[in-house]
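Okay, so the first sequence: first residue is 252 according to our numbering, each after it adds one.
Below is one structure, written out as structure tokens; comments come after it.
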Amino acid sequence: LKIINAGGAKADGHRHQDSDDEKPLAARLGINSAASKTGDASDSSSVESEPKDEPEHDGRKKWSTLVHNGVVFPPPYKPHGVKMLYNGQPVDLTPEQEEVATMFAVMKDTEYASKETFINNFFTDWRKILGKTHVITKFELCDFTPIYEWHLSEKEKKKQMTSEEKKASREEKSQQDEKFMWAFVDGVKEKVGNFRVEPPGLFRGRGEHPKMGRLKRRIRPSDITINIGEEAPVPVCPIPGESWKEVKHDNTVTWLACWNDPINEKDIKYVFLAASSSLKGQSDKEKYEKARKLKDYIRSIRANYTKDFRSKDQRKKQIAVATYLIDKLALRAGDEKDEDEADTVGCCTLKVENVTCLPPNKLQFDFLGKDSIRYYNTVEVELAVYEAIKEFCAGKKKGGHVFDKLDTTKLNAHLKDLMPGLTAKVFRTYDASITLDTILNKETTDGTVDEKAKVYQRANKEVAIICNHQRAVPKSHDSQMNKLNEKIDELTVELEKANKLLSKKAKKRKLVGSDGDAKRRRKLTPEMLQKKLSQVETRIVETDNHKNNKEDLKTVALGTSKINYLDPRITVAWCKTHEVPIDRDKHFTVLNKLF
DNA sequence: TGTCAGACTTGGAATAATATTA
DNA sequence: TAATATTATTCCAAGTCTGACA
């Protein structure tokens, strides 16, 4: 295994010398990809596989042969017959009406259930199904509690199943799914990602989404387009009497099936291969490679935008300042959004009220970004940037764009001139790589594997913070903290007791106790006590660390950066250098994705 | 040059599976 | 052995970016 790029992140003059750069990563690392194991021949025999590593990337061709079994539909609705109350009276509902009522009822203990937009949207769509003449006309008179309680008892029943029963139903399910879990891409068995069609439900938009609560209708075969190899057998439509909307043979795309999102008909939902597939792995590798390449260009890019901070050309000036912010703060590009979506922004769509100038040269950012997660940060910037932002905002009304001469297309077109393939999001990957590499190199010491893994986790955390990956405080956080505090208290008492005992022993040599522990205490030698003492001390320190770590990470979401931002090559190189096992170690299961 | 559909990556939450502790 | 904590997986929403077309 060769060390790739280790320690190189800080050196701007890094040169690429890897002669095998174009090989798949797994091949370069000499590890057999799980995905490259051929599946059962009976399924793939009809398809000739092409040699791998063939430079197929000339055109936009993604595959030569593609075989799969289509999608799995959710089971039809099974009515429970539990009657909800309207104005205190039980009401009869048709299965279709009951289905939607149940969707709402089971969301009782979520935030959505108390949001006005959610309730209004749900009620409007539900009334369409109830019909004009239905007795139910006012939401306030609806009582969904009986259905909610039925739902709770169903959940409880499921929980009470014996482990054998659970196992049996699990196995049955995986047997049913097996057929759909795999696809053959150029003869290679690959895992399919989301082969299940999304079930009907109430739309759970994030933030203040104007469509939250709308009924997401059931998807039928006639909604679905199948994409499959020309010679491959077309998957049988699993619902009798119905048929696919369309069957395509488009090898310039990687999706296996798609349908229009019922909430936003112009959006398309796709069935793709899983992240472990070589198609995904390949593009992942290209992403990290691009970020690494940016390292060679960053100096000139910075020089370029710095020069334009004072440009007379307003558009140039805005591009310069926007690029600076994306580089320095890892902001997202910020496409324009529709009226019927949550009101969020990125760099290009920042509004004047999202930035406050704090003299002499600080900027305070406060806006809702992707998923309506708040970005709140005060940063010192170059004076020229500060002055430019002040100028861009001057005279604009609330809601006006800071960068009015700019959009993501123009910005990316400019970035492409500076480096081939460069777009705004590459800066986020780049920032992540630099941060990971720097922290790993600076902070790793000759300690235990556990200590080294802590350094990795800290680097992971820093990347998450840079990318503003935040999560809601876990529901059980407070109770868990209380428990840890109690544990520390208990241990402290134990420690004090042992300490007292030790000093008494030292004085008297022999202790005559009066309580029930006396006999046991008498048997303790000072050496044993001393040992116990240090054990308790260690446990206190460990528990305290655990507690602080938990508190520290309560609003930090580590998952996304682990999966999408930490270059596995940096991780592998570090593991090798510091003798941290890659396999089996739970800290690095993320690597399964690529190896 | 702008708009829009399309295809793909990125994102947190919910849920399931597994490990740990009481 | 059950309750709880941790980790992995699934789910599906919400971004980014490209390319076709007017």
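Beta carbons are placed, not taken as given, at the ideal position from N, Cα and C, and that holds for glycine.
- Task: Assign T680 to buried or exposed, taking buried as 16 or more other Cβ atoms, counted over all protein chains shown, within 10 Å of its Cβ.
- Result: The residue in question, T680, is buried, as its Cβ has 16 or more Cβ neighbours within 10 Å.
- Item | Exposed unless 16 or more other CB atoms sit within 10 angstroms - verdict on Q426 | Per the 10 Å Cβ criterion, exposed.
- Query: Curious, which full-length alpha helix (DSSP H) runs of at least 4 residues does the stretch 391–438 contain?
  - Reply: If you keep only unbroken alpha helix (DSSP H) runs of at least 4 residues inside the stretch 391–438, you get 396–411 and 414–432.
- Check whether the Cβ atoms of C608 and Y575 sit closer than 8 Å, and answer yes or no. no
- Query: Distance, Cα to Cα, E407 vs W401?
  - Reply: The straight-line gap from Cα to Cα measures roughly 10 Å.
- For D586, does the three-state DSSP call read helix, strand or coil? coil
- Item | From T595, Q708 and E590, residue whose alpha carbon lies closest to that of L582 | T595
- Message: So, at 6 Å on beta carbons, what are the nonlocal neighbours of E899 in its own chain, with the 5 sequence-adjacent residues on each side left out?
- Response: Nothing about residue 899 can be read from this structure; the chain reaches only from 252 to 846.
- Is there contact between the stretch 492–499 and the stretch 469–476, where contact requires at least three CB pairs shorter than 8 Å? yes
- Message: Does the stretch 743–752 come into contact with the stretch 816–826, if we say contact requires no fewer than three beta-carbon pairs (one atom in each stretch) closer than 8 Å?
- Response: No, the stretch 743–752 is not in contact with the stretch 816–826.
- Message: Quick check: the Cα distance between K261 and F643, rounded to an integer number of angstroms?
- Response: Its pLDDT being 29, under 50, K261 is placed unreliably by the model, and the measurement read from it follows with that caveat. K261 and F643: Cα-Cα distance of roughly 33 Å.
- Query: Any heavy atom of the ligand SAH closer than 7 Å to the CB of R550?
  - Reply: This structure simply doesn't include the ligand SAH, nor any ligand for that matter.
- Output yes or no for whether 8 Å exceeds the beta carbon distance between T811 and V724. no
- Own chain, CB closer than 6 Å to G281, minus 5 neighbours either side, in chain order: Because G281 sits at a pLDDT of 29, beneath the cut-off of 50, its placement in the model cannot be relied upon, and the following sentence gives the value as read from the coordinates. Contacts found: none.
- Item | Unbroken stretches of the beta strand (DSSP E), 3 residues or longer, contained in the stretch 580–645 | 606–609, 613–619 and 625–631
- Message: According to DSSP, is K510 part of a helix, a strand, or is it coil?
- Response: Reading the sequence as shown, one finds Trp at residue 510 and not Lys. Residue state, collapsed to three classes: strand.
- Can you pull the DSSP bridge partners for L524? V443
- For K467, does the three-state DSSP call read helix, strand or coil? strand
- Item | Environment of M779 [buried if 16+ CB atoms lie within 10 Å] | exposed
- Message: Within the continuous beta strand (DSSP E) that includes T476, where are the two ends?
- Response: T476 to N478
- Item | Cα-Cα separation, P611 to L634 | 8 Å
- Message: Going by the DSSP bridge assignment, what does E855 pair with across the sheet?
- Response: Residue 855 lies beyond the range of the chain shown here (252 to 846); nothing can be said about it.
- Item | Limits of the alpha helix (DSSP H) - the one that I792 falls within | Note that residue 792 is Val in the sequence shown, not Ile. Unbroken alpha helix (DSSP H) run through V792: P777 to D803.
- Message: One question on the structure: do R790 and L742 come within less than 8 Å of each other, judged by their Cβ atoms?
- Response: yes
- Query: In this structure, what does DSSP give as the bridge partners for K499?
  - Reply: K499 pairs with N478.
- Query: Can you give the Cα-Cα distance for N800 and K649, rounded to whole angstroms?
  - Reply: 40 Å
- Task: May I ask you to list the residues that DSSP assigns as paired with V323?
- Result: R447
- Message: So, at 6 Å on beta carbons, what are the nonlocal neighbours of E349 in its own chain, with the 5 sequence-adjacent residues on each side left out?
- Response: P330
- Do you know offhand how far N605's Cα is from N719's? 16 Å
- Item | Reference P341, options I380, V322, P327 and P397, closest by Cα | P397
- Query: What number of angstroms, rounded off, separates the C-alpha of T557 from the C-alpha of D655?
  - Reply: 20 Å
- Output the distance between the C-alpha atoms of K568 and V632, rounded to the nearest integer angstrom. Looking at the two C-alpha atoms, the distance is approximately 15 Å.
- Message: Please report the distance separating the alpha-carbon of Q615 from that of V572.
- Response: Cα atoms of Q615 and V572: separation of roughly 15 Å, rounded to the nearest angstrom.
- Can you tell me whether DSSP reads Y707 as helix, strand or coil? helix
- In chain order, what residues of the same chain lie with their CB nearer than 6 Å to the CB of L336, ignoring the 5 residues before and after it? Result list for L336: D394, in chain order.
- Item | Where P341 falls: helix, strand or coil (DSSP) | strand
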